[in-house]
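Input: a single structure, listed below in structure tokens.
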Amino acid sequence: MIQLTDKPIDSAAVIEAVAADEAGAVLFFLGTTRKRTEGRETASLDYTTYRPMALSEMKKLAVEATTKWPLIKVAITHRTGHLEVGEASVAIAVSAAHRKEAFAAGEWLIDTLKEQVPIWKKENWADGQCDWVHPGLSDLSQTSGERVE
Numbered sequence: 001m002i003q004l005t006d007k008p009i010d011s012a013a014v015i016e017a018v019a020a021d022e023a024g025a026v027l028f029f030l031g032t033t034r035k036r037t038e039g040r041e042t043a044s045l046d047y048t049t050y051r052p053m054a055l056s057e058m059k060k061l062a063v064e065a066t067t068k069w070p071l072i073k074v075a076i077t078h079r080t081g082h083l084e085v086g087e088a089s090v091a092i093a094v095s096a097a098h099r100k101e102a103f104a105a106g107e108w109l110i111d112t113l114k115e116q117v118p119i120w121k122k123e124n125w126a127d128g129q130c131d132w133v134h135p136g137l138s139d140l141s142q143t144s145g146e147r148v149e
């Protein structure tokens, strides 16, 4: 299961997608919209993407993870559109014979997804300002148009 969706993430479906009799470990990660980031209050998030490229890159990551670790199955789901505080934005699940490989692969997948997949996040702050975050780059301020280091 590799998907982008504008609907709430179905955690049970993501976990079910990696179920296997051979698995001794299923690792599930759910990224959620937090209330505060670096001392600033978050009002909401908006995710946009170039869907064909993002899906292609997500599939490549799943394949690469299975070459790095002896995984049985991989599932990645990312939300698009508008998310309120508390809503899930990304889910990753992997199954493996052993937990060590599942943990390592899960951590690598979320870190690499955030760095490489063309999904842009607009952070809408409670004070009315907003910032765009692009994979692998520093924040780009929507209000000033300058890079924020």
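Residue numbering for the sequence shown follows the working numbering, beginning at 1 and increasing consecutively. Note that CB positions come from ideal geometry on N, CA and C, so glycine has one too. These numbers come from a predicted model, not from an experiment.
{"Item": "Exposure label - K121; buried when at least 16 CB within 10 Å", "Value": "buried"}
{"Item": "Reference V117, options N124, C130 and P135, closest by Cα", "Value": "P135"}
{"Item": "Nearest candidate by alpha-carbon position, reference L83, set E16, Y47, L55 and G128", "Value": "Y47"}
{"Item": "Residue span of the alpha helix (DSSP H) that contains T66, given as start and end", "Value": "R51 to K68"}
{"Item": "Beta-carbon gap between S89 and H78 smaller than 8 Å", "Value": "yes"}
{"Item": "Secondary structure of V14, DSSP reduced to three states", "Value": "helix"}
{"Item": "Per DSSP, cross-strand counterpart(s) of H78", "Value": "L4 and V90"}
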